[in-house]
Amino acid sequence: MEKTMRPFSAIAASCLLFAAPAGSSVPLTPAGNGHLVVPAFVNGKGTVPFILDTGADGTHVYEWFARQQALKAGTPIRVVGMTGAATMPTYRLDSISVDGRTIRDVDVTGLPDRKDAEIAAGVTGNDLMDGAVSIFDFPCRTVSLLPKPVSMRRILTRGAVMIRGGTVAEGTQLTLPVTVNGTAGIAVLDTGSRGTQINTAFARAAGIDSDSFGRGETLYGAAGEATGTREGKVGAVTFASRTVRDVTVRVADLSVFKSFGIGDGPAMILGINAMIGQRLVYDHQAGRFWFDRSRCSGAAAPR
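Under mature numbering (1 follows the signal peptide of the UniProt record, and there is no 0), the letters of the sequence shown match residues -24 to -1, 1 to 279, in that order.
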């Protein structure tokens, strides 16, 4: 799909957002193809839409945005994405801020421009969220970044379920136990993934005939490498004592499962379509997170 460069001011207007003090919340806004974005200030200017991603180690900008902002390219590095690895340029940002939380002198990676019509300037991840408790209230469509220390008793309800996150072989992502149709596996928590992906080992173990699924969306990931999928619904996905029914999943042996060290067994990328009815309270620095009840009613899940 043809890409159109968008003026910085036009993107800022598309967010319809202004500066927000720390401890408030900012909206999660649909980006056009399933992702949810938050308003960010880059080098003190904005706002521009960024994906706030528990599945990202650091911060990245899309190449169109790097060109528009005349960012000077540094030494290229190898980046591992969902579907493969590629060498990408690096840039330096003076600062990036979301909901009043700011990190400075940020080394970022340039990502290939998206192949869809989504409006996003970049991705920011665990580098920004470390040192804060991040609250993704999906039904309310808001995000809050609360600087630590934080009284968790004031944040959580009695029904909140804590997960002590597991680690991956390569990266800073956190994992959690899940079941699909009663079959156990390991999932990577990924608010930057629109959908939920499972590998063929998980599909087989759960008795899923992926050949009976329809042709799914082609996934490109950060590296821009195409991977085909099979897509269909599974009866139940359970995590943190919560069961979500009729969840759309894509079946593919993504290369990132191997780099995470979970590719030999049942593995999943737990995306926002499975979490959309939950309130996620995320303390990456402490390696733990909670799924909790939202004060808002449920929202329709993106596919």
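Glycine included, every Cβ here is placed at the ideal spot set by N, Cα and C.
The beta carbon of residue 54 sits closer than 7 Å to those of 61, 63, all from its chain and outside the five residues before and after it, given in chain order. Judged by beta-carbon spacing, residue 151 lies within the 7 Å limit of residue 164, meaning their Cβ atoms are closer than that value.
Put simply, the backbone Cα of residue 70 is about 5 Å away from that of residue 81.
Annotation: residue 39 is outside any beta strand (DSSP E); the continuous alpha helix (DSSP H) that includes it extends over 39 to 44. The criterion of a C-beta distance shorter than 7 Å is not satisfied by residue 246 and residue 112.
Among the bridge pairs identified by DSSP, residue 136 is matched with none. Proximity to residue 114 across 106, 224, 238, 11 peaks at 11, based on C-alpha coordinates. Residue 218 is bridged by DSSP to 215. Counting only runs that start and end inside the region 113 to 181, the alpha helix (DSSP H) elements of at least 4 residues fall at 128 to 131, 176 to 181.
Scanning its chain for C-beta atoms nearer than 6 Å, with the 5 sequence neighbours on each side dropped, one finds around residue 242 the residues 161, 177, 178, 181, in chain order. Of the candidates 209, 237, 223, the residue whose Cα lies closest to the Cα of residue 189 is 209. Residue 91 is positioned such that its CB atom lies closer than 7 Å to that of residue 196.
Under DSSP, the beta-bridge partners assigned to residue 36 are 85, 99.
Cβ-Cβ separation between residue 35 and residue 100: approximately 4 Å, consistent with a contact (criterion under 8 Å).
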